[in-house]
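Report on one structure; see the data block that follows.
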Amino acid sequence: MSTPTQTASQAPSGLARLRELWNDYLPYWFMTPMVLVMLLITIFPGAYDLYLSLVKYQLTDPNTVGQFNGLANYERVFTSGGAINSFVITITFVAGALALETGIGFVLAALVTGVKSDRMQTFYRIIFIIPMAVAPVSLATIGRIMLNTEIGIIPYMIQQFTPFVAPNFLSDVPLLTVILVDTWNWTPFMFIIFYAGMSSVPKTLLEASRVDGAPLWRRYVHVIIPYMKPVLFVAILIRLIDLFRTFGLVFSLTSGGPGTATELVSINIFQTGFTFVDLGGAAAIAIVYLVGIIALCNILIIKVGFEGVWD
Amino acid sequence: MTSQRNRKRRNFLKAAGVGLLGGLAGCTRGGDSGGGTGTGDSNSGDGGGDSGGDSEELAIPLSEYENADIDWRQFEGSTINIGAVEHAWVDAIEPAVPVFEELTGIEVVWNVLPEQEFRTKRLTDVSTGAGEWDVFFLDQVVNQFRESGWLQALDPYFEDDSMYDEEWYGMDDLFEATRWQAHGGGYSDTWTGMPITVEVQTQFYRSDLYDEYDLEVAETLEEFRANAQTIHEEEDDIVGTVGRGQQGYGMNIYILNTFIRQFGAELWDSYPGDSGLDSEGAIAAAEWYVNLLQDYGPEGASSQVWSDVLSTMQSGGAGHIVSDANLFWPGLTDPESSDVADQIAVAKAPSPADGEFSPNAFAWQIATSQNAENSEEAFLFMIWASSEPTNTWMHVENGAGFSVRQSVWENDEYRDRVGGNFADVTLESLQEAAPDPFDSQYPEWGQTYSEELQTAIAGSQSAEEAMTDAASAAEDIVSE
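Residue numbers (our numbering), protein chains in the order written: chain A, 38 to 348; chain B, 9 to 488.
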C-alpha cells in the first residue's frame with residue numbers, strides 16, 4: 038500500500054512499511070491479545086471438552102481411557118443418566134428466577150428512583166445491594182438455616198404472623214425454594230442496572246409527559262420502558278447466561294434433591310464427572326449444554342436485540 | 009519450623025476469612041462448603057484443642073519414638089506434601105508435627121482444603137499422575153482409587169525392617185474395623201492406607217425429658233420409637249427425633265446401613281449380582297427409618313444434613329438423635345454451642361429386639377499414590393501419626409476425640425476428660441462396629457440409593473419402592 042505522497046519509484050523502507058501495517062490494521066492489533074486470551078481460556082478448553090465427549094474417559098477404567106467412542110457418550114448420558122430431566126429442571130429454574138428477578142428488580146428500581154431524598158436513595162441502594170455481595174454458597178448456608186422448619190426464622194414468621202401453614206421448603210417445594218433463594222441473591226444485580234437505566238431517562242421527557250397529563254403507568258409504558266430497552270435487554274441477557282451457570286447456590290442448598298428434583302445440568306455434569314468419574318459422559322452433557330446456551334443467546338441477540346432493541 | 013510457619017499463616021487466613029465473612033463478601037461461584045454433600049465424616053464437633061505449649065518445646069518427647077526399631081532419619085532433608093480435608097484431626101496433630109520433623113529431619117507441608125474442593129483436587133492429583141501429594145486423606149472412594157491403579161499398597165513398607173517395628177507399633181491396638189477399612193473396606197488383601205480417625209454411630213438423648221416422662225434408655229428400635237413418640241406428643245416445640253435425610257453417599261444411607269445390618273440383611277449379599285437393598289431386612293429397615301422420621305422427625309426431614317441434625321439437637325429442638333457420629337458429643341455438651349449442654353446423654357445406637365447390634369463406623373485413612381515422589385517418607389509419617397504416643401498425646405493433651413486405638417479409649421486421663429460413659433459407649437460400639445463395604449462403584453450406586461431413600465423420606469414414594477429401585481440401579485451400575 039502506498040500513501041498519496043509516495044510515487045511508484047519511491048518504495049517505502051522496511052520500517053515505514055511496518056508503520057503502515059500498524060496504522061492500517063490498528064484495531065485488529067489491539068484486539069489480538071484479547072483474541073489470544075480467548076483462544077487460551079475458551080476455545081482450547083472447549084475443543085478439549087469436545088474431544089473428551091468423543092472418547093471413552095471413565096477414570097476407573099484406565100485401560101480404556103482415550104479410546105474413540107463416537108457418539109456413545111451422548112447416547113448413554115441422554116438415555117440413562119437423567120440428563121434430560123436436568124435440562125427440564127434447569128429451564129424451569131432459569132425461567133422462574135429470571136422472571137422474578139427482572140420483575141422485582143424493576144419494581145425496586147422504580148420505587149427507589151421515586152424517593153425524593155438523595156440520602157434515602159443512597160440508603161436504599163446500599164440496603165438492596167447487600168445480598169449480591171454475599172457469596173452464593175454462604176447465602177445458601179444462611180438460607181438453609183433460615184428455612185429450617187425447626188429452627189428457621191421464615192417458617193416461624195409464617196406460622197406466627199399469617200394464617201398459612203409453613204411448607205417444608207426444601208422437601209415440599211424444593212425447586213420453588215431454590216428459585217426464591219436465587220432471587221434473593223441476584224435481584225440486587227437487576228435492581229442496580231435498572232436503577233442506573235431509570236436514572237438516565239432524560240428529565241425533560243418525563244416532565245413533558247407529565248405536562249401532557251400522562252398518568253404514572255403511561256409514563257412507564259410509553260416513556261421509561263422504551264427508553265430503557267437496551268438496558269433491560271442487556272441485563273436480562275447477562276442474568277440469563279449467569280443463571281444457566283448456577284451451581285454453588287443450589288448444590289449447597291439441596292445437592293440436587295430431594296431425589297433429583299433440583300438437579301440442574303451443572304450439578305448433573307459435576308456428579309457425572311467428579312462423583313462417577315465419567316469425564317467422557319460429563320463432557321458430552323457439557324457440550325450439548327454449551328451449544329444450547331450459545332444458540333439461545335445468539336437467537337436472542339439477533340432476533341430480539343438487533344431487530345427489536347437496536348433497530 | 010515449617011509447620012509452625014504454616015500454622016501462623018493458616019491462623020492469619022482463618023482470621024482474614026472470618027473478617028471477609030463478617031463483611032458479607034467472598035468468592036462468587038463454584039465453591040461449596042459441603043453443606044449438602046458433606047459426609048459428616050469430616051465433622052467432628054470437636055474443635056481440636058490447645059496448641060500444645062511453647063513453640064520451642066516439643067509437644068511429645070522424642071524418647072517416645074526412639075525406642076522403636078525404626079530408622080527414623082533415613083530420609084533426612086526431604087519434604088512431604090500432605091493433602092488434607094479441613095478436619096479436627098489436622099488441628100489436633102499440627103502442634104505435634106515439629107516432633108516428627110525433629111525426629112526424622114523430614115519437612116511437612118500441609119495442603120488443607122474444604123471437603124468438596126479437597127475431593128476434586130485429590131481426584132485430579134492422583135488420576136492425572138501429578139503426584140503432588142505424598143500423603144492424602146482417603147474415604148469412601150478407596151476402592152475406586154485402588155482399582156484404578158492410583159493407590160500404592162503399603163505392604164512393602166510394613167515388610168521393611170528399617171521402617172516398621174511391629175512390637176513397638178502395636179497393630180492389635182487399632183480397632184479391627186479401622187484395619188478392615190484400611191484394607192479397601194474389606195475388598196483388598198493389602199494395606200490401602202493407615203487409619204487416622206474413627207467415628208461410630210451412637211444415640212444421643214435429652215436426659216431432662218427422660219426424667220420428666222420417666223423413660224428408659226432405648227436398647228431396641230421399638231423402645232426408641234416409643235420414647236420418640238412420647239416426647240413428640242408431649243412436647244409442643246420439640247420433635248421426637250432427628251436424623252440425616254439428605255441424599256449423598258455419606259448422608260442418609262450412612263445411617264440406614266446400620267439398621268439394614270441390624271435387621272439381618274447385608275449390603276451386597278453377593279457382589280455384583282445381588283445388592284441386598286431389596287431384601288426383606290433392608291426394606292424393613294428402610295420402612296422403620298422412613299416412618300420414624302416422618303412420624304416423629306422434623307418437618308422436611310428429607311433435607312436434613314448432619315449439621316442440621318446437630319444444630320436441632322443443640323438448640324433443644326429434638327428429644328433424640330436416633331443414631332449418628334459419636335463425634336457430635338463435644339459439640340452437644342459444650343455450653344458455648346449447645347443450649348442443652350447439661351441435658352445431653354449418650355447411649356449405644358438402638359437395634360432390633362431380635363437383631364444384632366452392629367453400628368456403622370467410618371474411618372478416614374491416609375494413603376499414598378503410585379505417582380507420589382516421597383512415598384517412603386510418607387509411610388514414616390503415617391506410622392508416626394497413628395502410633396500410640398502421638399495418638400495418646402492428641403487425645404489426652406490436645407482435645408481430639410476420634411482415636412483409632414483402643415488404648416486411648418481405655419486411658420484413665422482421657423476418660424476423665426471426655427466422660428466415662430461416653431468413652432464406654434464409644435469403645436463398646438467400636439468393638440462391635442461393621443463399616444460399610446465401599447466397593448469401587450460405591451460413589452455411583454451409593455448416590456443413586458441415597459436419592460431413592462431421600463424421596464421416600466420426603467413421602468414421594470414408599471420405602472419399599474425406594475429400596476427396590478435402589479437395588480435395581482445399584483446392580484445395573486455395578487454390572488456395567
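Just so it is clear, CB atoms sit at the ideal spot from N, CA and C, and this is done for glycine as well. All values reported here derive from a predicted model rather than from experimental measurement.
Helix, strand or coil at residue i [DSSP, three-state]
{"i": "B:Tyr213", "result": "strand"}
{"i": "A:Leu55", "result": "helix"}
{"i": "B:Phe183", "result": "coil"}
{"i": "B:His191", "result": "coil"}
{"i": "B:Glu207", "result": "strand"}
{"i": "A:Val102", "result": "coil"}
{"i": "B:Gly91", "result": "strand"}
{"i": "B:Asn119", "result": "strand"}
{"i": "B:Phe490", "result": "As shown, chain B starts at 9 and ends at 488. That puts residue 490 of chain B outside it, with no answer to give."}
{"i": "B:Ile246", "result": "coil"}
{"i": "B:Ser395", "result": "coil"}
{"i": "B:Gln373", "result": "strand"}
{"i": "B:Ser278", "result": "strand"}
{"i": "B:Ser448", "result": "coil"}
{"i": "B:Val354", "result": "strand"}
{"i": "B:Val330", "result": "strand"}
{"i": "B:Arg413", "result": "strand"}
{"i": "A:Asp315", "result": "strand"}
{"i": "A:Val202", "result": "coil"}
{"i": "B:Gly359", "result": "In the sequence under discussion, the amino acid at residue 359 of chain B is Ser, which differs from the Gly named in the question. If DSSP states are grouped into helix, strand and coil, B:Ser359 belongs with the strands."}
8 Å Cβ cutoff, residue i in contact with chain B
{"i": "A:Pro99", "result": "yes"}
{"i": "A:Ile188", "result": "yes"}
{"i": "A:Ser208", "result": "yes"}
{"i": "A:Pro225", "result": "no"}
{"i": "A:Thr79", "result": "no"}
{"i": "A:Leu96", "result": "yes"}
{"i": "A:Phe106", "result": "Reading off the sequence, residue 106 of chain A comes out as Asn, not Phe. For A:Asn106, the answer is no, since every Cβ of chain B falls outside 8 Å of its Cβ."}
{"i": "A:Thr199", "result": "no"}
{"i": "A:Thr297", "result": "yes"}
{"i": "A:Thr291", "result": "yes"}
{"i": "A:Gly354", "result": "This structure leaves residue 354 of chain A out entirely; chain A is present only between 38 and 348."}
{"i": "A:Asn185", "result": "yes"}
Short CB-CB distance (under 8 Å) between residue i and chain A
{"i": "B:Pro445", "result": "no"}
{"i": "B:Leu340", "result": "no"}
{"i": "B:Ser50", "result": "In this predicted model, B:Ser50 has a pLDDT of only 36, less than 50, meaning its place in the structure is not dependable; the value taken from the coordinates is given anyway. No, its Cβ sits nowhere closer than 8 Å to a Cβ of chain A."}
{"i": "B:Glu241", "result": "no"}
{"i": "B:Glu452", "result": "yes"}
{"i": "B:Thr200", "result": "no"}
{"i": "B:Gln237", "result": "no"}
{"i": "B:Glu344", "result": "no"}
{"i": "B:Ser487", "result": "no"}
{"i": "B:Ser395", "result": "no"}
{"i": "B:Thr128", "result": "yes"}
{"i": "B:Ala466", "result": "yes"}
{"i": "B:Ser448", "result": "yes"}
{"i": "B:Val247", "result": "yes"}
{"i": "B:Gly325", "result": "yes"}
Assumed close pair residue i, residue j - CB separation to whole angstroms, cut-off 8 Å
{"i": "B:Ser437", "j": "B:Val208", "result": "4 Å"}
{"i": "A:Phe231", "j": "A:Ala146", "result": "4 Å"}
Touching or not, the segment 338 to 354 of chain B and the segment 216 to 236 of chain A, by the rule of three or more beta carbon pairs under 8 Å? no
Within 7 Å of chain C by C-beta, residues of the segment 295 to 322 of chain B in sequence order: Protein chains A and B are contained in the structure displayed, whereas chain C is not.
Three Cβ pairs or more, each shorter than 8 Å: is that satisfied between the segment 243 to 252 of chain A and the segment 196 to 214 of chain A? Segments in contact, no.
Can you confirm whether the segment 285 to 294 of chain B touches the segment 307 to 327 of chain A when touching is taken to mean that 3 or more C-beta pairs between the two stretches lie within less than 8 Å? no
Near-chain B residues of the segment 300 to 312 of chain A (beta-carbon distance less than 8 Å), N- to C-terminal order: Gln308, Phe311 and Thr312
Stretch-stretch touch, CB-based, cutoff 8 Å, three pairs: the segment 203 to 218 of chain B with the segment 410 to 419 of chain B: yes
Segment contact, 8 Å Cβ cut-off, at least three pairs: the segment 282 to 295 of chain A with the segment 462 to 469 of chain B: These segments touch.
Taking a cut of 7 Å between CB atoms, which residues from the segment 145 to 156 of chain B lie near chain A? Gln152, Glu155 and Ser156
Does the pairing of the segment 152 to 163 of chain B with the segment 82 to 102 of chain A give three or more beta-carbon distances under 8 Å? yes
Between the segment 120 to 132 of chain A and the segment 300 to 311 of chain A, do at least 3 Cβ pairs fall closer than 8 Å? yes
Do the segment 71 to 88 of chain B and the segment 159 to 173 of chain B make contact, defined as three or more Cβ pairs closer than 8 Å? yes
Can at least three beta-carbon pairs, one atom from the segment 279 to 290 of chain A and one from the segment 126 to 133 of chain A, be found at a separation below 8 Å? yes
Anything in the segment 246 to 266 of chain B with a Cβ closer than 7 Å to a Cβ of chain A? List those residues in chain order, please. Val247, Gln254, Gln255 and Gly256
Using a Cβ-Cβ cut-off of less than 7 Å, give me the residues of the segment 344 to 366 of chain B that come near chain A, in sequence order. Those residues of the segment 344 to 366 of chain B that come within reach of chain A (Cβ to Cβ, closer than 7 Å) do not exist; the list is empty.
Mind the definition here: the segment 323 to 341 of chain B touches the segment 244 to 254 of chain B only if three or more C-beta pairs lie below 8 Å; say whether that holds. yes
Using 8 Å as the cut-off, can you tell me whether the segment 437 to 451 of chain B makes contact with the segment 262 to 277 of chain B, which would need three or more C-beta pairs spanning the two stretches below that distance? yes
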